[in-house]
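Residue numbers (full-length UniProt numbering): 1 to 182.
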């Protein structure tokens, strides 16, 4: 949201400071689970808030391709993630798990600063994802593994989950290819 609103690029960032609740800090921010600015593998990347924010800023998305080893090891994301600091805030910890609060302060090299405070995210129970966006994301993620006809059948089945048998959905899912098309 900050990038959309203020139209900046990753190389313009001087520092990004994140205040977050303690559970997130301990798991993905550098607390009990250790330094999250040393990221070399997919497992380290998907447990590093610094990596996820850096790659989101650079690529405008965080999808499976952002967790490929070639992407993780590129210099642009490695440099940017080291400019991101994460700190726990007790007031935010008290609001968790009813909220997922965070506060971001972005400082650009030209001296401009921007901030945003969030209490949830799209997909959290307080802000469900609209069905159309779920379908779009499913299409994007499943395209390499299922043709259009199968994807449409799965979408229809999931959209009508209350009225179908689980075995019918499982039969559709069993048709999904394990390896993606090249």
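Yeah, the Cβ is synthetic: ideal placement off N, Cα and C, and Gly gets one too.
In the three-state reduction of the DSSP assignment, residue 48 falls in the coil class.
Where residue 135 is concerned, the enclosing alpha helix (DSSP H) starts and stops at 131-142. Taking residue 179 as reference, the option from 171, 144, 159 with the minimal CA-CA separation is 144. In this structure, the alpha-carbon of residue 24 lies about 15 angstroms from that of residue 124. Taking a C-beta distance under 8 angstroms as the contact criterion, residue 47 and residue 114 do not qualify as a contact pair. Spanning the alpha carbons of residue 102 and residue 21 requires a straight line of approximately 7 angstroms.
Excluding sequence positions up to five before and after residue 153, its CB lies within less than 6 angstroms of the CB of 172, all in the same chain and listed in chain order. A residue is called buried once 16 or more other Cβ atoms fall within 10 Å of its Cβ, and residue 106 is buried on that count.
Shown here, residue 14 sits in a strand according to DSSP, grouped into three states. Counting only runs of at least 3 residues, the region 50-113 fully encloses the following beta strand (DSSP E) elements, listed from N- to C-terminal order: 84-88, 102-108. Counting the other CB atoms within 10 Å of its CB gives residue 54 a total of 16 or more, which places it among the buried residues.
Our two residues, residue 57 and residue 18, have alpha carbons roughly 14 angstroms apart in a direct line.
In this structure, residue 28 keeps its C-beta atom at 8 angstroms or more from the C-beta atom of residue 2.
Put simply, the region 67-87 touches the region 30-40. At least three CB pairs are less than 8 angstroms apart. Here residue 171 carries a helix assignment [DSSP, helix/strand/coil]. Rounded to whole angstroms, the separation of the alpha carbons of residue 14 and residue 132 is 36 angstroms.
For residue 28, the secondary structure class from DSSP, reduced to helix, strand or coil, is helix.
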